[in-house]
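What follows is a single structure, written as C-alpha cells, with notes after it.
2 protein chains.
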Amino acid sequence: MITVLSGGVGAARLLAALVTIFDPAEVDAVVNVGDDFVLHGLTICPDLDTITYTLAGRVNEETGWGRRGDTWRTMSALGDLGGETWFALGDQDLATHLYRTQRLGEGATKSEVTREIAARLAVPITLRPVTDDPLATIIDTEFGALDFQDYFVRRRHDVAVSAVRVRGTEAARPAPGVLAALHDATRIVIAPSNPFLSIEPILAVPGVRDALRDRRTDVIAVSPLVGGRALKGPAARLLDDLGFAVSCEGVADVYREVVGTLVIDESDASVAPAIRARGMDVRVTTTVMANPDHARALARTVLA
Amino acid sequence: MITVLSGGVGAARLLAALVTIFDPAEVDAVVNVGDDFVLHGLTICPDLDTITYTLAGRVNEETGWGRRGDTWRTMSALGDLGGETWFALGDQDLATHLYRTQRLGEGATKSEVTREIAARLAVPITLRPVTDDPLATIIDTEFGALDFQDYFVRRRHDVAVSAVRVRGTEAARPAPGVLAALHDATRIVIAPSNPFLSIEPILAVPGVRDALRDRRTDVIAVSPLVGGRALKGPAARLLDDLGFAVSCEGVADVYREVVGTLVIDESDASVAPAIRARGMDVRVTTTVMANPDHARALARTVLA
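Okay, here's the thing in C-alpha cells:
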C-alpha cells in the first residue's frame, strides 16, 4: 500500500500515473485542505476537487483543474450582477460545491463528503482530507496576512512573503484513517506539490509530522523544482523569500526531518551530492510530467 | 404612489402590467420572504427573484419563475452526484443566489442585496423584502410541520393542511421603508397571491397589519380565485382545509380586517352582494392575466 501526501495539480498528475502501474485499491491520497475556503456561501476544496476530477478522468487537462468541457453560465451572470468572479467556478464544477456544502450543513464530515463524491465519479483510489477540522493557510506578506486564495488566485502569488502559517492546527485532528494510512503504507510519497503551501499544512496537523518522522526511510518526496525553477506556481520564490536556497538543496532542507529520499530532475543532478551530504538519499529522473510516458517513469521511480 | 403587497408569480404579472400604465418610480413592492430558505448553503428568495426577473424582462414566461433561456448544467451535474435537485436552479439563476449569499455573509441586509440586484438588472420599481430578519412559513400538515418549500415544491402542496404559521415574527421588524411605503401610498394593493402563504407572512411582521388596518379604505385586494377555483396553487384547498368558504366570500373573510375593496373575476360576480354585506366594497373585472391586455385592464381596475 502506498500513501501519497497531495496538493493539487502536480499530485493529481502523479496519482493518475501511479494508478496505471499500481493497483488503485492500494493507493491512498492524504490531501491538503489548508486551501479550502468559503465563497458565495459554498465550501470549496480545490485540492480535493482537482484530484477527484483528475482520477475520475474528468479534469480539464489544459488547466489541470476544473472539469473538462465545463461552461461558465453562472460566472457570466454573476459578473453581470457585479459579484465576485475572481475564483473561476464552472457550471458543472459548481455542483460539487453545492453538494458538499449541503452535506456539510446536514452534519456530514469532509471525509464522508469526499468519499461520496469520489464514489459517484468512480475515483479508483482512496481520497482523504488530512483533517475534517477547519484549517486555513495564511500568508504573511508585504500587504499583511492574506487568506490563501486571496494570495494565490486573486493576487496571483505576485507578492513578497515573510511567513506561511496554518491556522487551526491546535484543534485539528487527523481525519479517520489518515494515521493508519501513514503507519501501514509500504511507502509514503510526497507529491511534487508546493512544500510550503500544500505539504506543510498536511504535516502541521498534529500527529502527521511525527508519523512521517517515524517512517522517514520510507518517505520519498518529489522535488517541485526543475532546473532550479518552479514549473508553475511560487515554489522558487517562496524558497527565496523564506530563506532557503532556490534549488533542490533548499527543498531538501525544508523536508530534512521527514524525508529519506528526494527525487530530483536530471537537470538538477549536479546538486545530488550536496543533498546526500545532508543525510538524504537521492534519485535522479525526469520529474516533468509532460506526457503520460514521463509521468509513468516518475511513478515507477517513486515506487522502486 | 402605490404600494403592492406581493407574493411571487401573480404579483409579478400584476406589477409588470402596472408599470405600463403608471410611473414605475411611484411603485413600491413589499415582498413576502416567508418562502426564503437555505439550500446548498445558498440563501434563496423565490418571491423576490420572481419579481426581479419579471420586472427586469428576464423571466421565463412559460413557468413564471426562473430566467428565460436558462440552462441546467449545474443541476444535471448535481444529479450525477446524488445531490438535492428537487428545487430547480438554472445556471444563470444560481448567480443571483451566489451573489446574495456572499453579500449577506459580508454583512449586507436582504434589503441592500435586493436593491443591488434590482439596480444591476434595471428593475424600474422599488423592491423591498417585508423584513430583513429571518422569517419562515411553516405548514402544519398530516405529515407534521413542514418547511414551506418542502410543502410547496417537494410535495407539490398535495397535502392536507391544519394550520399555516409564520416563525420569527416576534423578533422581526419591518425592513427600512416598509412602514413609510404603507403610510405614504395613495393606494395599497394586495396582489392576487395566496392569502395564507404569501400575504399572511407579510401581514405577520409587527406593524404591517396595523398599518393596513389604519388604511383599510385605501386597501384593494385582488382575489386569487377565479370561478371559485385557484388558477394554480393551493389557494382553494387551503381555504377549505382552514375552514373558509372556497369562494371569493372566503377570501373576503380572510382579508376582512385589512381590505376595503376586493377585486373579483366576472365569473364570481354572483357573490358580490354577499361580500358587500360583509362591509367590503367589490369591483368586478377580468382578473385572469391571460394576456397583456387583460393584465393592464386589471391594473387599471386596482388603480381606479
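These protein sequence lines are chains A and B, in that order.
To convert a position in the first sequence, counted from 1, into the numbering used here, add 1017.
To convert a position in the second sequence, counted from 1, into the numbering used here, add 1017.
For each residue, glycine too, the CB sits at the ideal point set by N, CA and C.
Other residues of its chain near residue i: CB distance less than 8 Å, five sequence neighbours each side excluded
i: A:V1305; result: V1243, L1248, D1282 and H1311
i: B:E1078; result: R1085
i: B:L1199; result: T1020, V1047, I1205, V1225, A1228, L1229 and R1232
i: A:T1091; result: L1106, D1108 and L1111
Chain B contact for residue i (CB, 8 Å cutoff)
i: A:G1124; result: no
i: A:R1085; result: no
i: A:G1058; result: yes
i: A:R1137; result: yes
i: A:A1094; result: yes
i: A:E1129; result: no
i: A:D1149; result: no
i: A:E1043; result: no
i: A:T1091; result: yes
Buried or exposed by the 16-neighbour rule on C-beta atoms within 10 Å, applied to residue i
i: B:W1082; result: buried
i: A:E1217; result: buried
i: A:N1049; result: buried
i: B:N1211; result: buried
i: A:F1054; result: buried
i: B:D1045; result: buried
i: B:R1075; result: buried
i: A:D1201; result: exposed
i: B:G1096; result: exposed
i: B:F1213; result: buried
i: A:E1266; result: buried
i: A:A1105; result: exposed
i: B:G1161; result: exposed
i: B:P1241; result: buried
i: A:R1171; result: exposed
i: B:T1080; result: exposed
i: B:L1179; result: Correcting the residue identity first, residue 1179 of chain B is Ser in this sequence and not Leu. B:S1179 comes out exposed.
Residue i at chain A interface by Cβ criterion, 8 Å
i: B:T981; result: With chain B running from 1018 to 1321 in the structure shown, residue 981 of chain B is simply not present.
i: B:L1098; result: yes
i: B:G1224; result: no
i: B:L1144; result: no
i: B:T1088; result: yes
i: B:T1080; result: no
i: B:Q1166; result: no
i: B:I1134; result: yes
i: B:D1108; result: yes
i: B:T1118; result: yes
i: B:E1323; result: Nothing in the structure corresponds to residue 1323 of chain B, since chain B is present only between 1018 and 1321.
Beta-carbon neighbours of residue i, restricted to chain E and to distances below 9 Å
i: B:H1174; result: The structure shown contains no chain E; the protein chains it does contain are A and B.
Close Cβ partners of residue i (< 6 Å) along its chain, the five nearest in sequence each way excluded
i: A:A1269; result: L1279, I1292, R1295 and M1297
i: A:R1120; result: V1130
i: B:T1071; result: A1029 and A1033
i: B:R1184; result: A1153 and I1155
i: B:V1276; result: V1236 and A1238
i: B:A1189; result: T1148, D1150, L1152 and V1222
i: B:L1220; result: R1226
One or two residues paired with residue i in a DSSP bridge
i: B:D1157; result: B:A1162 and B:A1180
i: A:I1205; result: A:T1020 and A:V1236
i: B:D1298; result: B:T1278
i: B:P1191; result: B:T1148
i: A:R1246; result: A:V1243
i: B:D1045; result: B:T1020 and B:T1143
i: B:F1054; result: B:I1061
i: A:V1394; result: The structure shown does not extend to residue 1394 of chain A, since chain A is modelled only from 1018 through 1321, so no value can be given for it.
Beta-carbon proximity list for residue i, same chain, < 7 Å, skipping 5 on both sides
i: A:R1313; result: A1034, T1037 and I1038
i: B:T1060; result: D1053, H1114, R1117, T1118 and L1121
i: A:G1107; result: G1083, R1084, D1087, T1088 and W1089
i: B:A1173; result: The sequence shown places Arg at residue 1173 of chain B, not Ala. Counting only Cβ-Cβ distances below 7 Å, and skipping sequence neighbours, we find nothing.
i: B:R1300; result: T1278, V1280 and T1318
i: A:R1254; result: none
i: B:E1159; result: V1176 and A1177
i: A:E1274; result: R1230
beta-carbon residue i near the ligand ATP non-hydrogen atom, thresh 7 Å
i: A:S1093; result: As presented, the structure is devoid of all ligands, the ligand ATP included, so that no description of it is given.
When Cβ atoms are compared, which residues of the segment 1294-1305 of chain A fall closer than 7 Å to chain B? Per Cβ criterion, the list is empty.
Taking beta-carbon pairs under 8 Å, can you tell me which members of the segment 1061-1072 of chain A lie near chain B? Within the segment 1061-1072 of chain A, not one residue has a Cβ closer than 8 Å to any Cβ of chain B.
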